[in-house]
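Student: If you count the sequence shown from 1, position 89 lands on 501 in my numbering, and the numbers rise without skipping.
Yeah, the Cβ is synthetic: ideal placement off N, Cα and C, and Gly gets one too.
Structure incoming, see below.
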Amino acid sequence: MSTGDEPARLRIETAGPGSIAAQRIRDAYTGDVLPAEALLTPEKVSAAPGTSNLPPAVLCLGREEELAWLRRILSSRHEGAITQSGAVHGLGGIGKTTLALHYAHRYRGDYSLIWWINAASPDEIETSLTALTHTLVPSWAAEANRVAQVAWAMQWLAWHPGWLLVYDNVENPDDLTPYTGALHQGHHLATSRRTTGWPDNAPTLMLGNLDPADATTLLCRLVFKDVTPTARQQADARALARELGYFPLAIKQAGAYLAQNRGISCDAYRRRLDSKLAKTAHGSDAERTLARIWSVTLHALEQADPLAVELLYTAAWLAPDDIPHSLLTPPGTDPDDIAEAVGTLAAYSMVTDTGTTLSLHRMVQTVLRTPQHTNGSQSTRHLQGRDRAEQAALHHLTPPPGQDTPTDDQWDTLTPHLATLAATRPSEHHNPPLTDAYIAAGDRLHQQGHTARSISLCEATLAQYEQVLGETHPDTLASRNNLAYAYRVAGDLGRAIPLFEVTLAQYEQVLGETHPNTLSSRNNLAGAYRVAGDLGRAIPLFEVTLAQREQVLGETHPNTLSSRNNLAGAYRVAGDLGRAIPLFEVTLAQREQVLGETHPNTLTSRNNLAAAYRVAGDLERAIPLFEVTLAQYEQVLGETHPNTLTSRNNLARVRELVQTAQQLNTATPATNTGQQPSSGTSERPV
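In C-alpha cells form, the structure reads like this:
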C-alpha cells in the first residue's frame, strides 16, 4: 500500500454549523447545484395528486391520542420524532413505524406528496431521495449521477409546498439536519429508537406498549378477522396479550401465526409459549418474548416451507431494509421458489415484501443471529445463515458478462449489506474474499466522500489483518490508520486520537522515525489534535513533520506541500495570521508550479489562502481568489462535487459580509463567519 495526500473534502456525513444555520434551501441550492440545462426543472415539475411511495396500510389500534399529538405538532410547522420509552430498553418493536405509517395514510389527502425514507444511514436517505427523482423525472434521472439526483430532489422539495417526508428508523438525529434545516415547505416526521439527540424544535413522542384493552382488540382483529370472538375467545386473547407484555410486535406476529393456523386456539398457543420460556433466558424482556414466539413459528415453518426458514436466517445477517430477492437467490435456484418462500414469511409477519425486495424488523435479526438451544444442544442454523449471506454477497459482486469489475449499481446495492456483515462479524471469523470486498467497498465510500460510513468495513478489515498478518505488519498499520481516519471524519475523536497515537508509535518502531508512512501517520495525529482544538500539541507536531518531510522528501514533494498547508492552517486557527498567510502564499505558489493550476490540492491551497485573507479582513484579495477557485472547481470537479459546494458557500459568505457591511455603512468585521475551508489535513493509505 502507498500513502498519499488526502484531497479536500466537504464532510457531508455529519451536520455542521452551515447546515444547521441554513435558512431556505433555494438560497443554498437554486442555480448552483444542477447542470445548467436542468436548473429550472424542479420548479416546473409537478407531482401527480396522491404521489407517494408509502408501504401498504397496516392495522393500528389504540393510538388515537398519539395520532392527535402528531397532527397537532406537524400542523404547527414542527418536525416530530416518534421514539419509544425506556420500558423496552431501547429495542424496536414498539410500533413506531406502524404509527407513522398510519398517520401518513390517514392524512395523505392533506399532502401534495408523501415520501417514505429509509433513514438508518445517510446513504440510505440519499437512496430514497434518488427514488423520488426517478419518480418525478424518470428520463432525466436515468442519465444523471447519484449526487445530481439527490440535489434535484432537494430542489424540488424546496420549490413545492405541502409534502410530508417520513424518515423511518433514524439511527443518528444529526443525519437529518441537512434536510430539516434546509427544507421548510412541508412536514418532517421521524421514527427512531433514540430518545435523545433531537433538536429543541423537534418534539418527541415517547411511545409505550399498548393499553391492555387495545392489545386484546388488536390480537382479536388479527386472529378472528371480521368474525366476532366469543366471550371465551376474548378471555383467552386477553390472557395471551398479557403473556406477551402488550408488546405490539409480539402481538402482531402471534396474531399472524394464529391466523395461518386456525386450528390452534389462543389458549393452546399461550401454553406452547410457556414451554419455551426456559430456553430463552438471555436478552431483554422483549427479546425473550419474541424468541418464544419465533420458536413456535419457526417450528411450523420448518414443516411447511424449509426454504423459507433458510431465507430468514440468511437475511438476518444482511441490512434490514431493501434486500433484493435476487441477492437471496443462489445460483441454480428457481426465482419463483424464492418468491413463494418470501410470501410464506410475509404471511407469518416475519418479513415485509414488496415483490422485489424484503425487509426484516431489526429485533427479528437480533434474535435470529443469537444461538438457540434445542434438546440440550446449540443449534448452528444462525451460523449457516451467516455463511449463506456471505456467499450471496460475493456472488452478487460477479461482474456482468464482458466486464472485469462489478458495476456501480452492484456496489450501490450491496454496500449496505457488506457494512452489516462487517459489523456483525463473528470473532476469529476468516473469509479473505469477503475482506477484499470490505476493502473495495470502504475505498469506494472514501472516494465518494462518505468515509464515516466505512467504519464497520474498516474495523472488520483491521481485525482480519491483525489475525492473519499480525499487529505490526505494514498492511495492518495502514488499515489501523484508515480506521482512525474514519473515526476522525465521523467526529469520534475519542477513538480516533488514541488509535492514531498507537499507529504512530508502531510506525516509528517498525519503519523508523522518518519513513514516509511514519510521516503521514504523524501528520494525521497532528490533524486530529487540531480538530480536537488541542493546538498546543497539533502545531509542534505539524512543525516537526514539515521539517522531516523537507529533509527526507524535499522542499516541493506533494506531501511536503501538504504539511506546509496544514501548518499554515493550524497557525490560522490559532489566530497567528502573520505566519499563516505567508505560508499559505508560498504553498500555493509551489503547488501551482509542481501540481499545476487546477490540481485539486492547488485548488485547496487557493481556497485556504482566500479564507485567510477573509479572516484578516482583506476582502479585496479574498473575493477575487474565491471567485477564481469556484470557477476552477466547477471546471475540474463538476457542479455538484462536495468541494465545489464548499467553495460556492465560502464565496457566498464573503459576499454576504460585504453586503452587510454596506447596509450598516460600517467596516467589514475581520471574522470568519462562514463555513470552514477544506484544509486537507489527513492522508489515508489507499
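What three-state label does DSSP hand Asp638 in the structure shown?
Tutor: coil
Student: Would you check if the distance between the CB atom of Pro680 and the CB atom of Val635 is smaller than 8 angstroms?
Tutor: The question names Pro, yet the displayed sequence has Ala at residue 680. Result no, Cβ atoms of Ala680 and Val635 do not sit closer than 8 angstroms.
Student: Please report how far the alpha carbon of Arg558 lies from the alpha carbon of Thr542, in whole angstroms.
Tutor: 7 angstroms
Student: Please name the residue, chosen from Glu752, Asp746, Thr764, that lies closest to Ile735 on a Cα-to-Cα basis.
Tutor: Thr764
Student: Using the Cβ count rule (16 or more neighbours within 10 Å means buried), how would you classify Gln1002?
Tutor: buried
Student: Considering only residues of the same chain and omitting the five flanking positions on each side of Ala942, which have a CB-CB separation below 6 angstroms?
Tutor: A small correction: the amino acid at residue 942 is Arg; Ala does not occupy that position in the sequence shown. Around Arg942: Ala950, Ala982.
Student: Apply the 10 Å Cβ neighbour rule to Ser791 and answer buried if 16 or more other Cβ atoms are within range, or exposed otherwise.
Tutor: exposed
Student: Touch check for the stretch 747-767 and the stretch 812-825: three-plus C-beta pairs under 8 angstroms?
Tutor: The answer is no - the stretch 812-825 does not touch the stretch 747-767, with fewer than three Cβ pairs under 8 angstroms.
Student: According to DSSP, is Ile750 helix, strand or coil?
Tutor: helix
Student: To which residues does DSSP link Asp580 through a beta bridge?
Tutor: Asn530
Student: According to DSSP, is Arg438 part of a helix, a strand, or is it coil?
Tutor: The predicted position of Arg438 is uncertain, since its pLDDT is 27 and thus under 50; a value taken from the coordinates is nonetheless stated next. Arg438: helix per DSSP, three-state reduction.
Student: Could you tell me which uninterrupted beta strand (DSSP E) segments, each at least 3 residues in length, are contained entirely in the stretch 757-804, listed from first to last along the chain?
Tutor: 769-771
Student: For Leu806, which residues in the same chain have their Cβ closer than 7 angstroms to its Cβ, ignoring the five residues on either side in sequence?
Tutor: Pro845, Leu846, Ala849
Student: Please report the straight-line C-alpha distance between Trp527 and Tyr919, rounded to a whole angstrom.
Tutor: A straight line joining the alpha-carbon of Trp527 with that of Tyr919 spans about 49 angstroms.
Student: If we count the other Cβ atoms within 10 Å of its Cβ and call it buried at 16 or more, is Thr1099 buried or exposed?
Tutor: For the chain, the structure presents residues 413 to 1098; residue 1099 sits outside this window and is missing.
Student: Is DSSP giving Trp575 helix, strand or coil here?
Tutor: DSSP places Trp575 in strand when its eight states are reduced to three.
Student: Measuring straight from C-alpha to C-alpha, what distance separates Gly675 and Pro641?
Tutor: 15 angstroms
Student: Tell whether a beta-carbon distance below 8 angstroms holds between Thr1014 and Leu1007.
Tutor: In terms of Cβ geometry, Thr1014 and Leu1007 form a close pair [threshold 8 angstroms].
Student: From the DSSP secondary-structure annotation, give me the bridge partner or partners of Pro736.
Tutor: Thr769
Student: Hey, out of Leu544, Ala516, Ala512, Ser604, whose CA is closest to Val457's CA?
Tutor: Leu544
Student: Just the Cα atoms here: how many angstroms apart are Val562 and Gln879?
Tutor: 40 angstroms
Student: Checking the sheet assignment: what are the DSSP bridge partners for Ser464?
Tutor: Ile526
Student: In terms of alpha-carbon separation, which member of Gly854, Pro1012, Thr957, Ala864 lies closest to Leu905?
Tutor: Ala864
Student: For Gly667, count neighbouring C-beta atoms within 10 Å of its own C-beta (all shown protein chains included) and say buried if the count is 16 or more, exposed if not.
Tutor: buried
Student: Could you say if the stretch 1042-1056 and the stretch 1023-1030 meet the contact criterion of at least three C-beta pairs nearer than 8 angstroms?
Tutor: The stretch 1042-1056, when compared against the stretch 1023-1030, does not touch it at the 8 angstroms Cβ threshold.
Student: Could you compute how far the alpha carbon of Ala512 sits from the alpha carbon of Thr768?
Tutor: 23 angstroms
Student: From this set, Ala944, Val549, Leu685, Asp1030, which residue's C-alpha is nearest Arg1067's C-alpha?
Tutor: Asp1030
Student: In angstroms, rounded to a whole number, what distance separates the CA positions of Leu486 and His600?
Tutor: The C-alpha of His600 is placed about 8 angstroms away from the C-alpha of Leu486.
Student: Excluding five sequence neighbours on each side, which residues of the same chain lie with their C-beta closer than 6 angstroms to the C-beta of Leu770?
Tutor: Beyond the five residues adjoining it in sequence on each side, Leu770 comes within less than 6 angstroms, by CB distance, of Ile735, Val754, Val763 in the same chain, given in chain order.
Student: Classify Lys508: buried if its beta carbon has 16 or more other beta carbons within 10 angstroms, exposed otherwise.
Tutor: buried
Student: Determine the direct distance from the alpha carbon of Ser488 to that of Gln1071, and round the result to whole angstroms.
Tutor: 34 angstroms
Student: Report the rounded CA-to-CA distance for Leu995 versus Arg892, giving the unit in angstroms.
Tutor: 31 angstroms
Student: Leaving out the 5 sequence neighbours to the left and right, which residues in its chain are closer than 6 angstroms to Arg837 when beta-carbon positions are compared?
Tutor: Ala872
Student: Give the secondary structure of Asn1061 by DSSP, where H, G and I count as helix, E and B as strand, and everything else as coil.
Tutor: DSSP places Asn1061 within a helical segment (H, G or I) once states are collapsed to three.
Student: Quick one: what does DSSP say Gly903 is sitting in, helix, strand or coil?
Tutor: coil
Student: Taking all protein chains shown into account, do 16 or more other C-beta atoms lie within 10 angstroms of the C-beta of Thr745, making it buried, or fewer, making it exposed?
Tutor: If you draw a 10 Å sphere on the C-beta of Thr745, you find fewer than 16 other C-beta atoms in it, and that means exposed.
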